[in-house]
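Encoded as structure tokens, the structure appears first; notes follow it.
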Amino acid sequence: IIRLAGADPDELSLRAARLLGEADHIFHGAGVPAAILDRARADAVRHVADGPPDDPPEGLTVWIAAA
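When the letters of the sequence shown are read in order and numbered with our numbering, they come out as residues 402 to 468.
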């Protein structure tokens, strides 16, 4: 789970930036800024959702929660 403190991708922690760069699937709410999602791996599958998945897909899955 990545909890955003703001909309500026430069404010991501090193851990959050690393997770975004390694994630296979990214679940996020509609309010997560595109600038944050742009930091994700280009081939990561992005899913707009109301919360983290109950049954996550195979691979590294990340949930991004907006502040």
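For each residue, glycine too, the CB sits at the ideal point set by N, CA and C.
What does a CB cutoff of less than 6 Å around V446 pick up in its chain, not counting 5 residues either side in sequence? H426
G422: which of A406, D439, G432, D409 sits nearest, CA to CA? D439
I'd like to know whether the C-beta atoms of E420 and V463 end up nearer to each other than 8 Å. Reading the sequence as shown, one finds Leu at residue 420 and not Glu. For L420 and V463, yes; Cβs fall inside 8 Å.
R419, DSSP secondary structure in three states: helix
Of all the options H448, I465, A466, A467, which has the alpha carbon lying nearest to the alpha carbon of P494? Look at the range of the chain in this structure, 402 to 468, and you will see that residue 494 is not part of it.
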